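Numbering (our numbering), first residue to last: 118 to 588.
C-beta atoms are modelled at their ideal positions from N, C-alpha and C, and glycine is treated no differently.
Owing to the predicted nature of the structure, the values given are computational and were not obtained by experimental measurement.
Given below as structure tokens:
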């Protein structure tokens, strides 16, 4: 038969009623009838629920048809005592929960500030992790030791006078088209004092005639720039590189009379990439020629790939005079390409001026470029520039090899920041207080440079360097 007067889970039928409430409510009220128990009453008569009281906090789902303001009028057809006031209990309970659990709303601005801070932290951690990863990958190629050495700050090795002496060797093996790419065209010694916070740069003439004390391509004697490759000509092996550097530290140290604790081997790519990462450098041209310095050997850069390019085209590509290396005396700004070729310029042939001392002028410019790189790399603006830092790491990681340990990196970086540019002095073997220490001479039909004291006699050179560094 059709059910009468139903409310939610309760339906009155002839012959009984079935409890349709959710099971959780039935279990909570042990006095409620189980499924199938009958409720008293017949059709058309009033009915009463077989329970002592409604479960607390229970509200019928059809609450819209029940007036909480006047419950008796809404329940006239049901045998529910209004004095039970179950709705008041519900309202009171709900009110208590509201007063307890209610939170003061946060301002939208404060929420956004928190979100921005969290986002910045996440981005910062991501960038920091990327930098650490790049530094780790680069250091694994460059330095000796493991990544844990990066958290240490080990003092640098030093000689009896407290100076750390570093042999810097530059080759162009990264340029297969360059003749003599495995020769060390740049040979320099950097001597630093951790206590005095000063540094000296000594360039060794690449044409210095020496005895190799081993068999090389040119025999047992020749220009000093051939020695590095003579030690081991395998350029694909890390062990061979270590052997070349170890032998060179001892060999070059004997020439100048210094204990060389460290060595660094770079190619021309590292110079170009470093200057590029730094966004250019500034150097000061100091030529004996009032016009400055110009080397026509690099004018091919102005032709735009056309060997027969007109002068107008060259002027357009290389203003103002159509020469790639052409600078007046005074401060000049250099991009990566111009810094690289200025470090190679020596006025060897063709139209040029300002390079009367050829290789010696080139060595001076190389020192200026290195000092400018150091100054720019350790500036606050560069260290805060994520792109510049990663560019520096990448440039070094691909093109530099050394025997420095990872535990010495922080000390080296600290020295680089603490030694000011005006505390870096250049030591020349020409025009010294005791005269020229080297002279040009033809040896065995080869145009070379030899000590003024005599071929293979380095005593004056050693005495002058020792006095200058430890004055």
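- Per DSSP, residue 363 lies in no beta strand (DSSP E); the unbroken alpha helix (DSSP H) holding it starts and ends at 355-373.
- Listed as beta-bridge partners of residue 382 by DSSP are 286, 518.
- Of the other Cβ atoms in all chains shown, 16 or more fall within 10 Å of the Cβ of residue 389; this residue is therefore buried.
- Within the same chain, and ignoring the five residues on either side of residue 565 in sequence, the residues whose Cβ sits closer than 8 Å to its Cβ are 324, 325, 326, 340, 557, 558, 559.
- The Cβ-Cβ distance between residue 482 and residue 387 does not fall below 8 Å.
- Residues of the same chain with a CB within less than 7 Å of the CB of residue 458, apart from the 5 flanking positions on each side, are 415, 441, 442 in chain order.
- About 5 Å separates the CB atoms of residue 402 and residue 444; that is less than 8 Å, so the two are in contact.
- Counted as a single uninterrupted DSSP element, the stretch harbouring residue 487 is not any beta strand (DSSP E) but the alpha helix (DSSP H) occupying residues 476-494.
- Listed in chain order, the non-local C-beta contacts of residue 543 below 6 Å within the same chain comprise 318, 484, local neighbours out to five positions each way being set aside.
- Contact holds between the segment 372-382 and the segment 509-523, because three or more Cβ pairs, one in each stretch, are under 8 Å apart.
- In the three-state reduction of the DSSP assignment, residue 341 falls in the helix class, which pools H, G and I.
- Excluding the 5 residues flanking it on each side, residue 311 has same chain C-beta neighbours closer than 8 Å at 272, 273, 275, 279, 281, 528, 532, in chain order.
- The continuous stretches of alpha helix (DSSP H) do not include residue 410, which lies in the beta strand (DSSP E) extending over residues 410-412.
- Residue 304 and residue 289 do not touch by the CB rule: their CB atoms are close to 13 Å apart, not below 8 Å.
- Note that the C-beta distance between residue 494 and residue 509 is below 8 Å.
- Taking all protein chains shown into account, residue 555 has 16 or more neighbouring C-beta atoms within 10 Å of its C-beta and is therefore buried.
- At the C-beta level, residue 373 and residue 541 stay beyond 8 Å of one another.
- Between residue 300 and residue 283 the beta-carbon gap is near 20 Å, outside 8 Å, which marks them as no contact.
- Here residue 377 carries a coil assignment [DSSP, helix/strand/coil].
- A Cβ-Cβ contact shorter than 8 Å links residue 464 with residue 412.
- Counting only residues of its own chain and dropping the five nearest sequence neighbours on each side, residue 392 has a CB closer than 6 Å to the CB of 398, 453, 456.
- The alpha-carbon separation between residue 434 and residue 466 amounts to approximately 22 Å.
- Annotation for residue 557: the continuous beta strand (DSSP E) segment containing it runs 555-560.
- Secondary-structure assignment with DSSP links residue 318 through a beta bridge to 307, 543.
- When rounded, the separation of the alpha-carbon atoms in residue 552 and residue 478 is 17 Å.
- Shown here, residue 435 sits in coil according to DSSP, grouped into three states, outside any helix or strand.
- Residue 439 is classed as buried because its beta carbon has at least 16 other beta carbons within 10 Å across all chains shown.
- Just so you know, the alpha carbons of residue 427 and residue 408 end up roughly 24 Å apart.
- Residue pairing by DSSP puts residue 398 in a beta bridge opposite 451.
- Exclusion of the five residues before and after residue 375 leaves 282 as the residues of its chain whose Cβ lies within less than 6 Å of its Cβ.
- For the 8 Å CB-CB criterion, residue 582 and residue 316 do not form a contact.
- Per DSSP, reduced to three states, the secondary structure at residue 552 is strand.
- In the structure shown, residue 509 adopts helical secondary structure according to DSSP, grouped into three states.
- When secondary structure is reduced to three states using DSSP, residue 280 falls in the strand class.
- Assignment of beta-bridge partners to residue 564 by DSSP yields 559.
- For residue 491, the CB contacts under 7 Å within the same chain, skipping 5 residues up- and downstream, are 533 in chain order.
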